[in-house]
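Residue numbers (the working numbering), protein chains in the order written: chain U, -1 to 322; chain G, -1 to 322; chain Z, -1 to 322; chain C, -1 to 322; chain B, -1 to 322; chain Y, -1 to 322.
What follows is a set of notes on a single structure, which appears directly below.
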């Protein structure tokens, strides 16, 4: 007997403004058991060095994801016909103690992995990606370090902040490399820009072998060129995809903690995410949506759309259902 | 074996910004079976004659109700210790066909009544109260017309709008009186104000015996005086309580379709609602919260608080749990 | 044959959100000829010393005045049955040259006076009241200085700003007294508050005989006490009424250039304005509504409501139409 | 004697923030008699399936159109020198009864057509285009079905919503095709995107022969390529142009009911509209501007600009005035 | 030679919108040396359990304090004539590590105390008051526990949150009592309200002897009655004054992390603060202004005004300058 | 001994949200003595013909410039290592008397020039550029007229407004040409668009020899093509750079007085500004940032970023520091 799949609430019956919002209007089982993909919120922003608020991200992305319909207008993929996808709620993480929070997040993702589901997370600030990566790493101990496709305006490979604080949203990928979770030679960062602390700001990252695509190169290459470069860097081994919403131009994603003007557009972002098809993705997230700084829900809508694009891209790797 | 009660999500474990919002963070059973009080959303604003948006009310009231804790700081009542209360979701109502919508709403409330639960609804515009009253009336055929405690800036007893439109948010109580559902001599309207279409605007209402407390009288009497007048008019027979958020001053409830400056305050509203204790309330609602016109969620927060006050007031009529 | 009166657009036919907004939805004749009361906008804010934007006031007050209906719910007065009232548009005033602007405003009001109509103006910053008073004074050369009822948080009787600038929104009533247009002994200022430049800030005003009711006294007296004091100071001779929207608390009138927290409420304001009935009012205005700083149109709605209260109060002095 | 043309209010005399706003600051005659082009508002949003508010569109587009000057900076066309253009106000349409509203809108447009004027309308939701098309069709009974140039993110050719509701803003062009008003082989839809209900979402539309230009193709072709395709599909027979503001990216048009991220830019939109010159346009509209969801008036400004571009494009087909 | 006092930037020379904002437009010396009162910001919100953002409080309160003039309109006090007052900037506190932050704040206040100045602080969340109290306590080792006048909607005497987190903005006064810094019998809390976690929510506080004035009692007593009660509880021994902006009604202070509707008004707050004159105040603060949730700067303006009221109240205890 | 340079506040020590905001977090010396580049605010908007508010520009640009770090991510230039740069505060200019204000601004810039520093100003409306140019001209009497690189949506070469007003933000460059300060043949205007008053709107400008790059040409040329054209027009003689923020698309710069949709993007703007390297720039400004119309600080952030780009571009012409 085939495993049952979950369907979003039917908008031809219940209007989009009605009902409790879950990610993509999907059911909300108590756990990830039986799921292929677990949509999960990580409402934590304790690693934020400037403007807070990403703790409110999961709720507003859920809210705006009410506007998502079932399928993709380009690929024709309807993920819910191929995979068991549901919203497993938010990880229980408290906002006061950062080190405890990292453990709570890791435990929450570990439970999803243990259930055999792929985590598709909504942050939270970018530090939340670190415990997600830790959990993924521990769940597949023999797999080796992961590759990373990072859409972002910042490299997030700084060493420490405000003296000796090692864990902030500006340091997760340095920590992950140090911990052996990520393979720096299979990291590509797309859209990096903004003023820098020092002329050699990205020296450490480049020395590790990280491929930084500054925004100028992104604009000059165009989505197709960027996609080719992603596939070249990542190859066929497993990778994680992290989408910091501040990679997108602030006019299209104003609700974020550290905006940098002059970013790529949502349209370019959608095309680049679609181009990830074919990668071996073992987890993904959308982070840094900060509703207190958002305008009219635009950033949360953008976040929900990117989440849907990621979901469809991953689902594209699974067989389509037979149609009569 | 005692019936199990429902508890809100524990804020000492899950922060208020986390998780899917339900009314008061309560569980969301699929039906009202086994409930004493069913919190229910009615996302419909098709009766609105000016600024729309109350269809988005239930979702935002749910969102802001995350700030509600378990008990009342004055009465000490914790409703969840006395009654089975839960969020049964939104009534399925489409936004296109007004007459069909009235039937859908009535059916949704009828199901709650059939389950033996008292409906505590969140609109939607004020027309949504009409089908709620119809369902309550049909559920208790021998009970006779209900009394009505109406907090509002408008009487909502007009006859018709835009030619021959009988069903708008300016007409529900005229219709309910005509249909024999409400006893006009046991209707009290509190906070009425604003410019009028005609010098004899409220002549029909007064001729029916409705007691109109204009805002000037509300301010002069104070909450205690208003409460006494409510009890005098309503007496001990069953009644319904409807709270139009536009009764409150627009500085405290800006997100509504027909704001009238110079209203009573939230503090006064809370005191008046508390004074309803002792009435035989068979249903209640909070209506006309229109999030597209809201500012910083203030109106939705006010609506959630009034909803909580109504819940505690009703619960106060039930025995407190024995404490060891 | 009786003179024809003007009626607002009928809201039972054209919804309030439809149509071009005029003050009170009234017709917009090309001039004040034949009018008893001319509603007129004065879109000028060149006298503003801090936050500008009152030039946009007339348009947004027109917009929000769409919510006004025909009559007053307390007095029962329907001004359009007693008087010919219409919206004569905005005075043509340019924003660049302050001294020229004062002349333009005076000329615009002079034309209204010449037509025999009473001007009921919407500013504009408070400096715009000065040329209105000049025009009124010249139109009735033998009348003597006017009294002034001023609702405000500031006395606006400073001498000069930024060196030798004599004409700003902080100086109009000093200039008007110096010019012999106002009788300082028949000026009452209601709601004065806020920090002061000097301990003897209001010494000049008090020395002239101006009656300053600080906000503390307003709150302690209540509307009835304030009304009595107004009548005592103004007496039966002609007066002008000027309502600076910043007299009202900023929570109810945030959109203004120089907000001062802790003001009187809109409800109190309405009652005080109603209490002006019986005064010999020869002109009035509502000023300092600054839409760029407004929130959700609340200040403009408050301004429109005060304008309507002023209109009804003036109309109350005219005979009611005979009813069959 | 040449027919007199209408001129916008002169901004060198009356500042843009002054005066009652009409479309393009044009005069507001009581009817379309003598006009070549009638600018008209259709304040109705009863066909909206998600976020309402387009009923407020005409007023805010009028407001922002105060920023439009007389002529076009690229073509040099000054429409008011070639054609009699004025603002005939809003069609009287009530918000409660959808079927009655469709009749009211059709009657309003029929009156414009009867006067010999071309309607250039501002909605309102997209359902309002259906009665406009009906009126145009009946006004020229022998003309045959019209072509349609549709800028939009949605095809709006769905069959029914929420059970059997045939008339929503998601269905107007299916109805118009069924009614024989539009020739599907001469329909081109530009900018279609967003998630879909089903993999074969647009199957019916394509089967009818509609040319759908998805956003990806729009971006790849560029404005020039799109213009060529428009002319190929539409040819030289009469057509209607409908511009749903949600075709534009939500960062430039956030105030709309069903935003879809990743759209074309305003700059691209302007170029595409200019490229319509040469088509035989017999009517046009701008729809789905929803001010309650707008941010800083940006969407209304964009709508006003597109309206001006449409006006200039149509006027370009008429002879320029002789210059001395 | 008399010590020089500092004067705010002269608004008759430099407009209020010009220049870098400091608290009250005062000079910004590098340290508190020579000051009587040091205005100081504490930009930290790591103790926030719900909506963050109070870290941005000091900057926006500085910004809005540009509207403060030199003196008090009721008392006539001009603090800058009696005391050396200046803005010593923000304490350097990082946002990542809560325990380190508490030490940083304490060190910053200790430096002010060591310079002999009284700290008048702007938070930050309410947890920031704990290290301020610690520094004050250590600076005067023999003084004994302080009294506390607390304007607030919450008691902030909970024990722990989210498991075992002892330090949050809901616990500072429990910690301070445990640490012997505050004398619970000389604590008065004014304006407490909102739903509660448990029926015995405030049992611990009351058992310690804290005097809780719930909002109902505040409203019934009025400012004069509250002032009397404050003096009765506090007496003549040293005390600290802490003003949580959420004590004020959210319509007047929406920008805060945990709003509770139904609060006292700004006007009432001003009167109550003025009534503190005569107490032996050794420090004070305004906390929980959260700009990301603020509306039009209203909460920051309210915070700046309360800060000014506190400053004038303290200054009232010092001799006025001799006037020639 | 080398002259000391100024460094921005260290963000690894003091978070970006802390401290008083100055331009780029630089020190704020009392004068320009010893500076190479003086960042200076000009808070004046008296030349504005439509929506005011640019007087608030310097403060908010300072605020958002807290997000700027030390160096440029493309050029690697760290201006503070090459030049003495500081924030000299705002020019003291009153808002009431336009002609006096022009003199005040000129005097303020003259002082900077006299100190030997290059002025890098933040307006204010575009009229403020005229007195800046006058001061620059007088400071180097033998230099001859300057070239001008103008990013803008308007040519600002109109003759007069509202009758005979010669000095508005629509006329500065006509005046500067007439006064012999600018060489019209070395003026290039980039991004001009929007509807026009007359078909020959720019006839005078073109007759003078000004090179107008309409937005269509800007988009077609791309940044590289525009840069080439700039260098062709300006050549190697001294020039001024003025960046009107309304040149950028309103989705990225909504907070401005006269928005024109369809502009160039921030990314394009950044590239064009970088391409100015090599020009002999003797002063520059960013104008028309109007915070009351801004959304979420986006325009001020864009303005701060352009200011930083200008600073880095100018600094690129100076030798880099020797690195050990």
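Note that the Cβ used here is the ideal one computed from N, Cα and C, for glycine as well.
Fair warning: this is a prediction, and the values are worked out from it, not measured in the lab.
Report yes or no: is there a C-beta of chain C within less than 8 Å of the C-beta of residue i?
i                      : result
residue 293 of chain Y : yes
residue 224 of chain Y : no
Going straight from the alpha carbon of residue i to that of residue j, what length do you get?
i                      : j                      : result
residue 103 of chain G : residue 306 of chain Z : 38 Å
residue 184 of chain G : residue 209 of chain G : 8 Å
residue 288 of chain G : residue 156 of chain G : 22 Å
residue 212 of chain Y : residue 6 of chain Y   : 38 Å
residue 137 of chain Z : residue 295 of chain C : 41 Å
residue 81 of chain C  : residue 133 of chain C : 22 Å
Quick check on residue i - is its C-beta less than 8 Å from some C-beta in chain Y?
i                      : result
residue 288 of chain U : no
If residue i sits next to residue j, beta carbons under 8 Å apart, how far is it from one beta carbon to the other, in whole angstroms?
i                     : j                      : result
residue 53 of chain U : residue 93 of chain U  : 6 Å
residue 99 of chain C : residue 25 of chain C  : With a Cβ gap of about 27 Å, residue 99 of chain C and residue 25 of chain C do not count as contacting.
residue 59 of chain Z : residue 298 of chain Z : 5 Å
State yes or no: is the beta carbon of residue i nearer than 8 Å to at least one beta carbon in chain Z?
i                      : result
residue 87 of chain C  : yes
residue 303 of chain G : no
residue 217 of chain G : yes
residue 254 of chain Y : no
Using beta carbons (cut-off 8 Å, strictly below), is residue i in contact with chain U?
i                     : result
residue 26 of chain G : yes
Would you say residue i faces chain B, with C-beta separation under 8 Å as the test?
i                      : result
residue 166 of chain Z : no
residue -1 of chain Y  : Annotation note: pLDDT 43 at residue -1 of chain Y (below 50); position unreliable, coordinate value reported separately. With 8 Å as the cut-off, residue -1 of chain Y does not count as an interface residue toward chain B.
residue 3 of chain U   : no
When the Cα of residue i is compared with those of the options, which residue comes out closest?
i                      : options                    : result
residue 11 of chain U  : C:161, C:109, C:199        : C:161
residue 143 of chain Y : Y:116, Y:182, Y:166, Y:128 : Y:182
residue 176 of chain G : G:187, G:45, G:131         : G:131
So with Cβ pairs under 8 Å, would you call residue i a contact of chain G?
i                      : result
residue 191 of chain B : yes
residue 157 of chain C : no
Are there three or more Cβ pairs, one per stretch, closer than 8 Å when the segment 166 to 177 of chain Z is compared with the segment 119 to 133 of chain Z? As far as the Cβ criterion goes, the segment 166 to 177 of chain Z touches the segment 119 to 133 of chain Z, which means the pair count is three or higher.
Quick one: any contact between the segment 229 to 242 of chain U and the segment 25 to 32 of chain U, if contact means 3 or more CB pairs under 8 Å? Contact between the segment 229 to 242 of chain U and the segment 25 to 32 of chain U is absent: fewer than 3 CB-CB pairs across the two stretches fall below 8 Å.
How do the segment 36 to 56 of chain Y and the segment 81 to 97 of chain Z stand: do at least 3 beta-carbon pairs fall below 8 Å, yes or no? Pairwise C-beta distances place the segment 36 to 56 of chain Y in contact with the segment 81 to 97 of chain Z, as three or more of them are shorter than 8 Å.
So, do the segment 104 to 122 of chain Z and the segment 68 to 78 of chain Z have three or more beta carbon pairs nearer to each other than 8 Å? Output reads no: the segment 68 to 78 of chain Z does not touch the segment 104 to 122 of chain Z.
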